[in-house]
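Each residue of the sequence shown is one higher than the one before, starting from 3 at the first, in this note's numbering.
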Amino acid sequence: MDEIENLLKSIGHFTAEQVVLFTEKAIRRNFKKNEWLLNEGDVCKSAFYIISGEAYQFSYDDIDENIIDLHMKGDWCLNHSSFVTQKPSTVTIKAYSELTVLELSLTSVHELIALSPSFFQLGKVLEQTVSRVQYFDHTNTAEEKHNQLFSSRPQLFQKFPLKMIASYLKIAPETLSRIRG
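Written out as structure tokens, the structure is:
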């Protein structure tokens with residue numbers, strides 16, 4: 003219950019009744035390391051709020067995983083495009099470590115919004131995952147990407163290996179090592 007109250011406080015102001023409504027809709031789930039939350043080709047039917055552990059989103063190319071996003075405690079984790087359109091996902095979401103989440107289905111999101119307009123704020127928070135995913139696809143230099151990530155989310159450097167962070171930043175691991183000096 004504390005996790006839910008903290009989550010909702012971070013989104014906006016919710017009454018005790020609204021907290022109860024959210025609690026009734028959210029499902030607490032545990033995933034083992036390397037277990038999939040979403041597999042490429044499946045429709046993303048839920049958003050996951052990370053209570054503990056880490057997860058990551060990636061797509062495959064011919065050789066390797068291309069990291070799209072890294073998720074830690076306090077992050078929402080979903081493939082927004084698939085979630086909204088209910089079309090197959092082009093990415094996979096996988097537990098990087100033992101993971102505990104609150105799962106909220108698209109149906110539950112719609113039901114919450116129908117019950118109280120306050121839950122529209124939840125949709126806005128989920129939309130923010132899109133801008134974070136696309137941020138490192140732009141034309142910043144490798145050093146600018148590193149500095150931005152290090153200043154905004156320094157914990158990532160403690161939770162994930164540099165090879166994954168380099169992939170997330172869209173730079174070579176050697177470049178990241180050189181920047182970190």
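No residue lacks a Cβ here, since even glycine has one placed at the ideal position from N, Cα and C.
Whole-angstrom distance between residue j and residue i, CA atom to CA atom
i	j	result
A168	W38	22 Å
A28	L9	12 Å
T131	G183	30 Å
Q59	I173	17 Å
L108	A49	7 Å
T94	E42	5 Å
K75	K147	22 Å
E19	S179	50 Å
T17	L106	19 Å
Residue i: first and last residue of the uninterrupted alpha helix (DSSP H) it sits in
i	result
A174	Premise fails: A174 is in no alpha helix (DSSP H) and is neither H nor E.
Q150	A144 to S154
F121	Unbroken run through F121: none, as it is neither H nor E.
Q160	L158 to K161
Check whether residue i and residue j have beta carbons under 9 Å apart
i	j	result
A97	F33	yes
N81	L114	no
E100	K35	yes
V103	R30	yes
C79	Y62	no
I53	Q123	no
L23	R155	no
As assigned by DSSP and simplified to three states, the class of residue i
i	result
S12	helix
Residue i beta carbon near the ligand NAP (any heavy atom closer than 8 Å)
i	result
H148	Looking at this structure, you won't find the ligand NAP or any other ligand, since it has none at all.
> Of all the beta strand (DSSP E) runs that stay within the bounds of the region 21 to 103, which reach a length of 3 or more residues?
Replying inline: The qualifying runs are 29 to 33, 38 to 40, 48 to 54, 57 to 62, 67 to 73 and 94 to 97.
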